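Chemist:
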Ligand SMILES: NC(=O)c1ccc[n+]([C@@H]2O[C@H](COP(=O)([O-])OP(=O)(O)OC[C@H]3O[C@@H](n4cnc5c(N)ncnc54)[C@H](OP(=O)(O)O)[C@@H]3O)[C@@H](O)[C@H]2O)c1
């Protein structure tokens with residue numbers, strides 16, 4: 001059997017059970033759904049957020065997960081968190097869900113405040129992938145995923161800042177995907193970086209609040225959660241660098 005540079009052979013595709021997965025930005029409806037699906041499938045979940053009350057709520061919603069308070073925009077704090085988590089065991093997955101949205105009136109209406117918020121969101125992806133990269137490379141089946149937007153395919157003037165940040169995030173993840181291939185080799189690839197693409201997300205609370213809306217083209221957070229769990233059901237070679245439009 002071929003060996004990677006780290007000396008670890010490609011692992012069998014045995015699903016997410018028993019894997020340790022960090023969910024970065026875990027307290028929204030999508031985060032709760034992802035944490036629940038991962039935990040139900042047998043993963044050890046470490047949920048990270050910047051708001052203690054929302055983390056407490058998440059811990060009550062999804063039994064058995066661990067929570068970590070961290071400002072993921074602070075690279076030193078992320079490095080410290082990653083070192084601490086890696087010291088206590090393998091990290092097999094990083095599911096990045098920090099988002100946010102800004103819009104402005106046309107190109108001239110894109111504000112510095114809006115761009116700062118989008119850059120800060122992008123920074124959380126850069127920080128977490130850098131800090132957890134060594135663990136993901138060392139894992140038998142490392143997976144990293146983030147959620148981008150259909151607007152990258154059809155940018156608008158009003159969403160220029162938002163879409164530019166999402167395009168940067170997609171580019172960054174493709175670089176991570178290249179890193180995995182460069183470090184592990186095509187034939188021994190065990191890790192994968194994947195972009196999920198949605199138009200918008202919807203959850204049960206949104207449906208209940210607006211029963212008249214069809215939410216056409218929206219992706220249910222349960223669909224995203226299932227796609228996250230399925231990352232461990234396919235070979236890394238199929239997922240590394242993939243851009244997957246979710247239904
Ligand atoms: N919602 C949509 O319609 C839609 C559309 C297209 C793409 N997406 C993408 O899908 C992903 C999930 O979307 P979402 O709406 O569920 O995300 P979100 O609510 O915008 O963000 C997810 C979580 O990130 C946490 N967060 C924000 N800043 C943080 C920081 N500095 N450090 C740590 N945690 C931080 C927030 O929790 P705390 O406040 O508790 O820290 C929040 O609950 C995002 O990447 C988003 O851009 C969403």
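In our numbering, the protein residues as written are 1 to 247. For glycine and all other residues, C-beta sits at the position ideal for the given N, C-alpha and C. All values reported here derive from a predicted model rather than from experimental measurement.
On the DSSP letters alone, give me the boundaries of the alpha helix (DSSP H) that residue 246 sits inside.
Modeler: First-last for residue 246: undefined, no H or E at that position.
Chemist: When every heavy atom of ligand 1 is checked, does at least one fall within less than 7 Å of the C-beta of residue 204?
Modeler: No - ligand 1 has no heavy atom lying nearer than 7 Å to the Cβ of residue 204.
Chemist: For residue 123 and residue 77, I'd like the C-alpha separation in whole angstroms.
Modeler: Taking the straight line joining both Cα atoms gives about 13 Å.
Chemist: So, at 6 Å on beta carbons, what are the nonlocal neighbours of residue 66 in its own chain, with the 5 sequence-adjacent residues on each side left out?
Modeler: Taken in chain order, the residues that qualify are 46.
Chemist: Any heavy atom of ligand 2 closer than 7 Å to the Cβ of residue 49?
Modeler: You won't find ligand 2 in this model; what it holds is ligand 1.
Chemist: So, with DSSP's three-state summary, where would you put residue 156?
Modeler: Here residue 156 sits in coil by DSSP.
Chemist: By how many angstroms is the C-alpha of residue 109 removed from the C-alpha of residue 128?
Modeler: The alpha-carbon atoms of residue 128 and residue 109 are separated by roughly 31 Å.
Chemist: If I'm right that residue 177 touches residue 240 with Cβ under 8 Å, what's the distance once you round it to whole angstroms?
Modeler: The Cβ separation is near 5 Å, so the contact holds.
Chemist: Mind checking residue 107: buried by the 16 CB within 10 Å criterion, or exposed?
Modeler: So residue 107 counts as exposed.
Chemist: Can you tell me where the alpha helix (DSSP H) holding residue 207 begins and where it ends?
Modeler: That run of the alpha helix (DSSP H) goes 204 to 209.
Chemist: Can you tell which of 193, 22, 141 and 33 has its C-alpha closest to the C-alpha of residue 219?
Modeler: Among 193, 22, 141 and 33, the Cα nearest to that of residue 219 belongs to 33.
Chemist: With hydrogens ignored, establish whether the beta-carbon of residue 38 is closer than 7 Å to any heavy atom of ligand 1.
Modeler: No, ligand 1 has no heavy atom inside 7 Å of this Cβ.
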